[in-house]
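Only one structure is covered here, and it is reproduced in the block below.
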Amino acid sequence: MGALCGKESKPDPFAQPGRTLASAPAPSNTKTAPLPKKVGGPPRTLGTASDGAPQSQGQEEARRKAAAAAEARANAAGKPKGKLASQLQEQKKQTQTATLEAASSETRRMRDADAAAEARAHN
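If you read the sequence shown in numbering that gives the first Met the number 0, its first letter stands for residue 0, the second for the next number, and so on.
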């Protein structure tokens, strides 16, 4: 079933005979795009305009404000903001051996508590 209000379908592209491989157009001889003869102009110092003049006062002020904001973020990131943040900071400072020792001592305490509960149950 076709669409009642749709476009007419185009004829089948495979209904007509195609071309043979020998009749294909010859490949082009150029392998890459040609290189431009000159790229850019004289070398520039970073932080200067294209004519060699220093940057405008507005750009310097924006750079100064961005640096101050980045420094404030860096200083604020080092300070813990609450109980959980301070606990996280302490965990980050622990070495792997300290972490393993803490887990081991906790496991030993649990085993001791289980053994004590078992001893009381047999009494």
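Heads up, the beta-carbon is just placed ideally off N, CA and C, and yes, glycines get one too.
Expressed to the nearest angstrom, what Euclidean distance is found between the alpha-carbon atoms of residue 76 and residue 33? The residue labelled residue 76 in the question sits at position 77 within the sequence shown. The residue labelled residue 33 in the question sits at position 34 within the sequence shown. C-alpha separation (whole angstroms): 52 angstroms.
For the alpha helix (DSSP H) that contains residue 74, what are its first and last residues? Numbered from its first residue, the sequence shown carries residue 74 at position 75. Residues 56-76.
Can you tell me whether residue 91 is helix, strand or coil according to DSSP? For the purposes of this step, residue 91 is identified with residue 92 of the sequence shown, where counting begins at 1. In the structure shown, residue 91 sits in a helix (DSSP, three-state: H, G or I).
In whole angstroms, what is the alpha-carbon distance linking residue 119 and residue 109? The residue labelled residue 119 in the question sits at position 120 within the sequence shown. The residue labelled residue 109 in the question sits at position 110 within the sequence shown. The straight-line gap from Cα to Cα measures roughly 15 angstroms.
Distance check for residue 66 and residue 43, CA to CA, integer angstroms please. Numbered from its first residue, the sequence shown carries residue 43 at position 44. Numbered from its first residue, the sequence shown carries residue 66 at position 67. Going from the Cα of residue 43 to the Cα of residue 66 covers about 24 angstroms.
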